[in-house]
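A.B. asks: What follows is a structure written as structure tokens; I'll ask about it next.
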Amino acid sequence: MSKASKTPIHKLIADIFKTLAFTYRQVFIFELLYKTLTLFIFIPAISFIFHRLIRLGGFAGATNYEMLHFVVSRYGFLCMLILIPVATMLIFLEFSVLVIIAYYGQKKQRIGLIPAFLQSLAYLPSLFKYGFVGWALYLILFLPLLSLGLGSSLLPSLQIPNFISGELFKTGRGTLLYAGVFAVVAYFNIRWTFLLHMIVIEGTVSFRQAAKKSAAILKKSYFRMFVVILCISLLFLIVVALIFGAVTLVYFTLPQQTGFAEVVRSVVSKSAVLSLYLATLFVTPLYITILTRMYTAKADPSHAVLQMPDWNAIENRSSQSHGLLHKHKRKLIVLGLIIAFATALVLVPAIGDVHLGDKKATIMAHRGYTSKGPENTIAAIQGAIEAHADFAEIDVLETKDGELAVIHDTNLKRLTGRNAEVYDLTMDELRKLEVKQGNFTGRISSLAEVMNAARGKIKLNIEVKTHGKEHDLVNTFIRTMRENDFQTNCVVQSLDYEIVQKIKAAEPELQVGYIMFAGVPDIERIHADFVVMEEYMVNESVVASAKLQHKPLYVWTVNEMDSMERFFSMGVDGIITDYPEDAISLEQELHSGLLASLLQWLNNLRF
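Residue numbers for the sequence shown follow this note's numbering, beginning at 28 and rising by one.
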């Protein structure tokens with residue numbers, strides 16, 4: 028066992044912070060430059076290639092089923108052939124440069140950014156030759172899915188969409204499947220903790236060999252590494268809490284109704300947000316520094332030696348660059364701060380004025396209020412009414428006899444216990460089945476019956492669903508709408524873009540929306556009155572695009588309070604949620620005071 032491996036945990040933590048303190052200038056400049064390049068060059072270029080190939084393939088857009096068709100087309104294959112290697116390369120370069128900086132930093136040696144970057148480039152041929160599929164899966168899928176602090180600028184995190192996880196959690200098998208997937212991702216992420224160090228420091232080009240070496244080192248240090256990461260995470264949270272505390276103190280001690288106080292609050296709030304944003308520049312470098320220190324503490328000293336090529340020209344250029352940096356240090360610091368502030372303006376909209384405005388966000392109760400009755404039943408609709416939701420969102424499917432039943436699942440087993448399909452039963456047969464969900468029971472109703480129950484009490488957002496056995500779905504829906512004179516009491520939405528177009532053509536005055544669960548939305552090309560997106564798809568640029576096209580944007584299914592806050596602050600027109608009472612209460616709080624707005628600003632930061 029090496030001497031380094033016996034280092035006490037508190038000494039390891041001190042060494043990590045000393046290394047980061049020694050390298051912070053290099054890290055700060057590199058991360059600023061790389062994030063700026065990613066934001067203004069890499070992502071736009073990737074987006075251009077992606078959308079260009081979609082249009083060359085004759086696809087109108089890149090959402091839902093059309094996205095799936097694109098993926099299996101030759102243009103989709105070409106897209107993956109181009110973008111996956113590019114993304115893998117860009118993510119690897121960022122991480123490898125940080126590993127090199129951390130490696131030399133703990134030895135109290137400075138390495139120029141140019142030599143470090145060129146050394147990273149030198150690994151690329153091996154990366155693309157040996158086990159590329161493994162590296163691509165690790166950097167593009169496994170690492171972002173777990174996202175335990177090690178996030179790249181290009182792809183900081185991934186998440187399983189809530190419309191998938193939410194449905195899985197409704198059954199025991201689904202919950203086990205979700206837990207199993209998470210366990211597999213976590214298992215491999217943990218085993219592959221030192222993958223980057225294997226290729227960057229030891230020069231191991233085979234992904235399989237690097238994975239084995241990483242697992243072997245981890246066996247010697249997993250507990251110590253866990254304790255170190257936990258302690259440093261707590262320290263980071265304490266810093267964040269102190270910033271929150273200082274801002275809160277300013278808000279409560281200053282007079283409430285003076286112009287000077289408002290100015291001070293604004294300056295303090297925006298300074299706090301900017302400070303936290305700048306702190307996030309060091310999250311990934313800190314994590315890399317931790318792993319590099321743990322690696323050198325446990326790896327074989329004869330292997331843990333990074334060999335930099337002897338590039339005299341590079342060294343001379345690096346020396347000249349160092350002299351130039353020293354000569355213009357003050358100017359470069361000012362320039363760096365300007366770049367940081369400009370980047371923050373783009374990445375953190377909270378720096379600008381908050382635009383919660385006077386317009387109230389629309390709250391839609393998902394399948395009614397399921398805390399008051401089984402989903403899509405009249406009891407759930409009544410629960411949404413009592414919760415004062417603006418809309419009750421419901422689902423309709425066509426029955427065997429051509430009626431419209433208010434129910435979500437095509438198969439009835441989850442809610443009724445009967446393994447039958449909606450399209451195999453008549454409306455009368457469906458009414459006889461008892462729906463059970465949690466401690467509630469209820470009955471399946473027709474669309475006309477739900478309209479009568481909601482009339483004058485709450486508006487409906489009706490999702491027209493398909494099961495592939497429809498007789499005359501659109502005409503049946505339009506007929507039901509007209510017979511019940513419900514056009515002004517509802518909006519309509521569907522995942523099927525063709526149905527959206529047909530309903531709008533048949534009833535032009537009806538507000539019809541398109542639901543998106545996957546892909547990259549191009550709102551300008553979507554012909555619908557409003558759009559509905561799964562929450563992982565929504566960001567500031569999407570919201571801005573929707574506003575530019577004058578299309579209301581609703582997000583589904585938003586159940587976490589922090590997610591509600593984030594989307595309200597973005598300025599979405601509304602959310603679809605299982606918890607309408609919480610959403611209504613939060614929405615009111617966000618309009619009630621500046622402190623709430625500040626908290627919302629800070630929540631926009633992605634750590």
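Here a beta-carbon is modelled for each residue, glycine too, at the ideal position from N, C-alpha and C.
Per the contact definition of three or more C-beta pairs closer than 8 Å, is the region 391-409 in contact with the region 465-485?
C.D. replies: Short answer: they touch.
A.B. asks: Is the Cβ-Cβ distance between residue 421 and residue 395 less than 8 Å?
C.D. replies: With a cutoff of 8 Å on beta-carbon distance, residue 421 and residue 395 are scored as near each other.
A.B. asks: Check the DSSP bridge columns for residue 400 and list the partner residues they point to.
C.D. replies: According to DSSP, residue 400 bridges with nothing at all.
A.B. asks: Distance, Cα to Cα, residue 603 vs residue 577?
C.D. replies: 20 Å
A.B. asks: Compare the Cα-Cα distances from residue 436 to each of 445, 555, 310 and report the closest residue.
C.D. replies: 445
A.B. asks: Below 8 Å, how does it come out for the region 55-72 and the region 152-160: are there three or more Cβ pairs, yes or no?
C.D. replies: Segments in contact, no.
A.B. asks: Can you give the Cα-Cα distance for residue 389 and residue 606, rounded to whole angstroms?
C.D. replies: Residue 606 has its alpha-carbon roughly 13 Å from the corresponding atom of residue 389.
A.B. asks: Short of 8 Å in beta carbon distance, which residues of its chain neighbour residue 338, apart from the five on each side in sequence? Order them along the chain.
C.D. replies: Reliability fails at residue 338, whose pLDDT of 45 lies under 50, so the model's placement of it is uncertain and no value is given.
A.B. asks: Determine the direct distance from the alpha carbon of residue 190 to that of residue 583, and round the result to whole angstroms.
C.D. replies: 8 Å
A.B. asks: I'd like to know whether the C-beta atoms of residue 59 and residue 313 end up nearer to each other than 8 Å.
C.D. replies: no
A.B. asks: Where does residue 262 fall in DSSP's three states?
C.D. replies: helix
A.B. asks: Among 118, 113, 82, 124, which residue has its Cα nearest to the Cα of residue 101?
C.D. replies: Comparing alpha carbon positions, the residue from 118, 113, 82, 124 closest to residue 101 is 82.
A.B. asks: By alpha-carbon positions, which one of 586, 480, 527, 320 ends up nearest to residue 129?
C.D. replies: 320
A.B. asks: Assuming residue 538 contacts residue 518 under a Cβ cut-off of 8 Å, what Cβ separation, rounded to an integer in Å, is found between them?
C.D. replies: 4 Å
A.B. asks: Return the bridge partner residues of residue 583 from the DSSP annotation.
C.D. replies: Residue 583 is bridged to 561.
A.B. asks: Leaving out the 5 sequence neighbours to the left and right, which residues in its chain are closer than 7 Å to residue 536 when beta-carbon positions are compared?
C.D. replies: 514
A.B. asks: Can you grab the Cα-Cα spacing for the pair residue 580 / residue 550, in whole Å?
C.D. replies: 10 Å
A.B. asks: Would you report the Cα separation of residue 99 and residue 615, rounded to the nearest angstrom?
C.D. replies: Using only the alpha carbons, I get a separation of about 46 Å.
A.B. asks: Got a sec, what are the start and stop residues for the beta strand (DSSP E) residue 169 sits in?
C.D. replies: Looking at the DSSP string, residue 169 is not in any beta strand (DSSP E), and its letter there is neither H nor E.
A.B. asks: Please report the distance separating the alpha-carbon of residue 330 from that of residue 230.
C.D. replies: 9 Å
A.B. asks: How many angstroms separate the CA atom of residue 243 from the CA atom of residue 138?
C.D. replies: 29 Å
A.B. asks: Leaving aside the five residues before and after residue 103 along the sequence, list all residues of the same chain whose C-beta is less than 6 Å from its C-beta, in chain order.
C.D. replies: 97
A.B. asks: Using alpha carbons as the reference points, say which of 524, 214, 50, 522 lies closest to residue 241.
C.D. replies: Comparing C-alpha distances from residue 241 to each of 524, 214, 50, 522 shows the shortest one belongs to 214.
A.B. asks: Could you work out which residue in 255, 72, 592, 598 is closest to residue 612 when comparing CA atoms only?
C.D. replies: 592
A.B. asks: Among 596, 161, 595, which residue has its Cα nearest to the Cα of residue 111?
C.D. replies: The candidate whose alpha carbon is nearest that of residue 111 is 161.
A.B. asks: Ignore the nearest five residues each way along the sequence and tell me which others in residue 76's own chain have a CB closer than 8 Å to its CB.
C.D. replies: 106, 109, 110
A.B. asks: Using 8 Å as the threshold, is the C-beta distance between residue 224 and residue 322 below it?
C.D. replies: It is a contact, given that the beta carbons lie within the stated cut-off.
A.B. asks: Among 541, 429, 609, which residue has its Cα nearest to the Cα of residue 500?
C.D. replies: For the options 541, 429, 609, the alpha carbon positioned closest to that of residue 500 is the one of 429.
A.B. asks: Assuming residue 187 contacts residue 255 under a Cβ cut-off of 8 Å, what Cβ separation, rounded to an integer in Å, is found between them?
C.D. replies: Their Cβ separation, rounded to whole angstroms, is 29 Å, which puts residue 187 and residue 255 out of contact at 8 Å.
A.B. asks: Span of the alpha helix (DSSP H) holding residue 42?
C.D. replies: 36-64
A.B. asks: May I ask you to list the residues that DSSP assigns as paired with residue 429?
C.D. replies: Answer by DSSP bridge pairing: none, since residue 429 is not bridged.
A.B. asks: Output the boundary residues of the alpha helix (DSSP H) element that contains residue 207.
C.D. replies: 199-218
A.B. asks: Who are residue 543's beta bridge partners in DSSP?
C.D. replies: 560
A.B. asks: If you count every other CB in all the chains shown that lies within 10 Å of the CB of residue 393, and 16 or more means buried, which is it?
C.D. replies: In this structure residue 393 is buried. Its beta-carbon is surrounded by 16 or more other beta-carbon atoms within 10 angstroms.
A.B. asks: Might you give, ordered along the chain, the residues of its own chain that have their beta carbon closer than 6 Å to the beta carbon of residue 557, omitting 5 neighbours on each side?
C.D. replies: 540, 578, 579
A.B. asks: Is residue 662 near residue 270, with beta carbons less than 8 Å apart?
C.D. replies: The first residue shown for the chain is 28 and the last is 634, placing residue 662 beyond what the model contains.
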